[in-house]
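One structure is given here, and the rest of the page talks about it.
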Amino acid sequence: MKNLFATLGIVLACASAHAAELRVAVIDHKGRNVADAVVLAVAVDARNALHSHPPRDAIDQVDKQFVPFVKPVFVGSTVRFPNSDNIRHQVYSFSAPKKFELPLYAGTDAPPVVFDKPGVVVLGCNIHDWMIGYIYVSETPFFAKTGPLGTVSITDMPAGEYTVRIWHPNMDRAEETTSRRLTVSAEAPASAEWQISLKPSIHVPRVSGSASPSYP
Amino acid sequence: MATSAALNHDDNVGNAKNHASVVADSSAAAGASFLQLISIADGFSLSAGGDLSGQLYERLSGLNNASVDGLLFLKKKWALGAFAPWTRLGVSIGRTDYADRYRDATLYRASLEAGKRLDERWNFWAKYEFERRRAAPVEYNTYLYGVSSDVFSQQGRSFKAGAEYQLSERISLALGSLLRHGDVVATSRAGSSIYAYPKALAPDPTFGAGAYAYRLAGTTFGARLGVDYSLTAHSLIGCGFQRLETHAQGGNNYTDSVSDLTWIYRF
Numbered sequence: 001m002k003n004l005f006a007t008l009g010i011v012l013a014c015a016s017a018h019a020a021e022l023r024v025a026v027i028d029h030k031g032r033n034v035a036d037a038v039v040l041a042v043a044v045d046a047r048n049a050l051h052s053h054p055p056r057d058a059i060d061q062v063d064k065q066f067v068p069f070v071k072p073v074f075v076g077s078t079v080r081f082p083n084s085d086n087i088r089h090q091v092y093s094f095s096a097p098k099k100f101e102l103p104l105y106a107g108t109d110a111p112p113v114v115f116d117k118p119g120v121v122v123l124g125c126n127i128h129d130w131m132i133g134y135i136y137v138s139e140t141p142f143f144a145k146t147g148p149l150g151t152v153s154i155t156d157m158p159a160g161e162y163t164v165r166i167w168h169p170n171m172d173r174a175e176e177t178t179s180r181r182l183t184v185s186a187e188a189p190a191s192a193e194w195q196i197s198l199k200p201s202i203h204v205p206r207v208s209g210s211a212s213p214s215y216p
Numbered sequence: 217m218a219t220s221a222a223l224n225h226d227d228n229v230g231n232a233k234n235h236a237s238v239v240a241d242s243s244a245a246a247g248a249s250f251l252q253l254i255s256i257a258d259g260f261s262l263s264a265g266g267d268l269s270g271q272l273y274e275r276l277s278g279l280n281n282a283s284v285d286g287l288l289f290l291k292k293k294w295a296l297g298a299f300a301p302w303t304r305l306g307v308s309i310g311r312t313d314y315a316d317r318y319r320d321a322t323l324y325r326a327s328l329e330a331g332k333r334l335d336e337r338w339n340f341w342a343k344y345e346f347e348r349r350r351a352a353p354v355e356y357n358t359y360l361y362g363v364s365s366d367v368f369s370q371q372g373r374s375f376k377a378g379a380e381y382q383l384s385e386r387i388s389l390a391l392g393s394l395l396r397h398g399d400v401v402a403t404s405r406a407g408s409s410i411y412a413y414p415k416a417l418a419p420d421p422t423f424g425a426g427a428y429a430y431r432l433a434g435t436t437f438g439a440r441l442g443v444d445y446s447l448t449a450h451s452l453i454g455c456g457f458q459r460l461e462t463h464a465q466g467g468n469n470y471t472d473s474v475s476d477l478t479w480i481y482r483f
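Same order as they appear, the protein sequences are chains A and B. First residue of the first sequence? That's 1 in this note's numbering, and the numbers climb one at a time after it. First residue of the second sequence? That's 217 in this note's numbering, and the numbers climb one at a time after it.
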C-alpha cells in the first residue's frame, strides 16, 4: 500500500510540474467580447493527447430554452437532457455527427444520448420551434467555452505545442480558418486573442406579430 | 400564456360609403390568452384555452366592449423540426358585450390553417375561417320598411394568407391578405338610397341620432403590412397598416384603413 501511495504521489507531482495553461480571449470584428465561443487545443505531439474517461454532461431545458445555449463535450460523452419546465419537450437533432429524437417527456425521463462522433450537433424541440442549442463534440480533451467576458482558460494541459482553433454558432467562416500553432509551457500561462466575425443571429422567433398564427 | 395591448386608429369605423357618414376613431385594447398544449399522439397536439380582451374607444364610447372566448385547436405537424409543414383545425365560441347593449353578440368560429416555415427567415401560412355572429334583434319603436331588425347577426367566410420575413435579429416584416364574403354591417345616415335593399336595418345611436345600421351581403378584399421589433425573447412591439375594400349589395362600396401599434408579451 505504501508503494502505491508513493507511486501515485510521484505521478501527481510530475503531472503538476508539467501542467500548463492556455488563456484565450475572443472578440468580434467590433471589438466586443464573444461569449459561447468554443476554444479547442489539439496536441501536436500525440503523446500529449491524453484520453480521459468521457464524462457525463447535461443540457437542461429552462423557460423553453436549452441551457446552456452552447455545450462543448469530449467525444464519447454521454449527455442527459433533463427538462426543468413544467411542460413536455421533444428534443431532436438532424446533425450528421448525431441524429436522434427523444419522444415527448417531462422531468428526467429521457434516456441519455452518447455523442460518439466529433462535430457540431444542433438541437431543437419539435413543440417549441424557437428552441435551439448547440453541442460541440470535441475530438480533443483540451477545450472550453468563453464566458460573458469572452475569455476562457484551459488548464492541466501537458506542456507542448498545440493547434488551437475557435468555433462559434454565428461565426461567418469555417473554424479551420481560425487555426493557430501555439506553444504552452509549464512556466507561465500562454495567452492568445482571436478576433472573429459573427453573422446576425437569425432564429425562429419566440413571439410573432399579432397577425401571425403562431404557437401553438 | 400571452398578454397584449394595442392602439388602433380606424378611419371608417362604421363602414360608411358616403363621406358625410364616415366616422373615424381611435381605440385602446388589451387582452390575455391562455392555451394549454396537450400532445396526444405522434405529431398531433391539442390546445385548449381562452381569451379575455377589452377595447375602449376615444369617441364612440358605445363601442367599448369586453370579450371572452373559448378556444380549441387540433394541430398536426407533418414531420419533425421547425421547418415541417403543419395544419390546424380550430373552433371557438366567444361572447362580446358592448357599452351599447344592442350590439352584444355571441361569435362562433371554425377554421382550418396550414403553414410552412421555409427557413429561419421566411414563414408562410394560410387560413380559411367560417364565422357566425348571433345577436338579438334590435328593439325600436319606429317601423322601418318591414325589414328585419336583426342587423348585428352576421355570417361570413374568409380566406387569409400571410408571409413573414425576419429582416434582422430583431426586426421582422409581415404581409397579409384577406378575402371575405358574407354579411357586413354599414352604419350611415337614414335615407341613403344605396341601402335600399338591406337584409336587416336598425337605428344605430352609437354613431349619433339619425344613424342606421344596415346588414348587407358583401365581399371584402384586404391587405396588411406590419413591422415587428423584438424587445426581448418574450416580447415585441409592432405596427401595422391594413387597407380594406368592400363591395357590398346595392353598390355600397366602401374602404377602411386601420393602423395599429401593438405590444405582445408571451410567457
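We put the CB at the ideal spot given by N, CA and C, even for glycine. Predicted model only: the values in this text are computed from it and were never measured.
Point to revise | Members of the stretch 335 to 347 of chain B near chain A, C-beta cut-off 8 Å | key: 336, 337, 339, 341 and 343
Check your understanding: Looking only at DSSP bridge pairs, what is residue 171(A) linked to?
Key -> 198(A)
Check your understanding: For residue 162(A), which three-state DSSP category applies?
Key -> strand
Exercise for review: Could you spell out the range, first to last residue, of the beta strand (DSSP E) harbouring residue 72(A)?
Suggested key: 70 to 74
Exercise for review: Could you give the DSSP three-state label for residue 348(B): helix, strand or coil?
Suggested key: strand
Practice item. Give the DSSP-derived three-state secondary structure of residue 356(B) in the structure shown. Key: coil
**Study point:** Other residues of its chain near residue 303(B): CB distance less than 6 Å, five sequence neighbours each side excluded
**Key:** 292 and 330
Point to revise | DSSP bridge partner residues for residue 396(B) (one or two, in chain order) | key: 374(B) and 436(B)
Check your understanding: Mind checking whether residue 402(B) and residue 430(B) have CB atoms under 8 Å apart?
Key -> yes
Practice item. Inspect the beta-carbon positions of residue 38(A) and residue 97(A) and report whether they are closer than 8 Å. Key: no
Review point. In the structure shown, what three-state DSSP assignment does residue 279(B) receive?
Key: helix
Exercise for review: Check whether the Cβ atoms of residue 328(B) and residue 344(B) sit closer than 8 Å, and answer yes or no.
Suggested key: yes
Check your understanding: Does residue 134(A) come within less than 8 Å of chain B when only Cβ atoms are used?
Key -> no
Check your understanding: At a Cβ threshold of 8 Å, is residue 197(A) touching chain B?
Key -> no
**Study point:** Contact belief for residue 245(B) with residue 271(B) at Cβ below 8 Å, rounded distance in angstroms
**Key:** 4 Å
Exercise for review: Name the two residues that bound the continuous beta strand (DSSP E) containing residue 329(B).
Suggested key: 321 to 333
Check your understanding: residue 42(A): buried (16+ other C-beta within 10 angstroms of its C-beta) or exposed?
Key -> buried
Practice item. Please report how far the alpha carbon of residue 255(B) lies from the alpha carbon of residue 65(A), in whole angstroms. Key: 19 Å
Practice item. Using a Cβ cut-off of 7 Å, pull out every chain A residue sitting near residue 444(B), in sequence order please. Key: 209
**Study point:** Residues that DSSP places opposite residue 260(B) in a beta bridge
**Key:** 257(B) and 292(B)
Exercise for review: Using three-state DSSP, classify residue 482(B) as helix, strand or coil.
Suggested key: strand
Check your understanding: Tell me, which residues are paired with residue 25(A) by DSSP?
Key -> 151(A) and 193(A)
Check your understanding: Taking just the CA atoms, how far does residue 153(A) sit from residue 23(A)?
Key -> 4 Å
Practice item. Note down, in chain order, all residues in the stretch 221 to 232 of chain B with a beta-carbon under 8 Å from any beta-carbon belonging to chain A. Key: 222
Review point. Exposed or buried, residue 235(B), counting other C-beta atoms within 10 Å across all chains shown (16 or more means buried)?
Key: exposed
Practice item. Return the CA-CA distance between residue 306(B) and residue 383(B), expressed in angstroms with no decimal places. Key: 30 Å
Check your understanding: If you draw a straight line from the C-alpha of residue 71(A) to the C-alpha of residue 134(A), how long is it?
Key -> 6 Å
Check your understanding: Expressed to the nearest angstrom, what Euclidean distance is found between the alpha-carbon atoms of residue 128(A) and residue 104(A)?
Key -> 12 Å
Exercise for review: Taking only beta-carbon positions, decide if residue 449(B) is within less than 8 Å of chain A.
Suggested key: yes
Review point. Taking Cβ-Cβ distances below 8 Å as the criterion, which residues of the stretch 112 to 128 of chain A are in contact with chain B?
Key: 124, 126 and 127
Practice item. Please compile the residues from chain B whose C-beta is within a distance smaller than 9 Å of the C-beta of residue 200(A). Key: 384 and 385
Practice item. Let me know the secondary structure DSSP gives residue 48(A) once reduced to three states. Key: helix
Check your understanding: Mapping DSSP to helix, strand and coil, what is residue 35(A)?
Key -> coil
Exercise for review: In angstroms with no decimal places, state the Cα-to-Cα distance between residue 440(B) and residue 395(B).
Suggested key: 12 Å
Review point. In whole angstroms, what separates the C-alpha of residue 473(B) from that of residue 226(B)?
Key: 6 Å
Practice item. Return the residues of the stretch 274 to 299 of chain B that lie within a Cβ-Cβ distance of less than 8 Å from chain A, sorted by chain order. Key: 289, 291, 293, 296, 297 and 298
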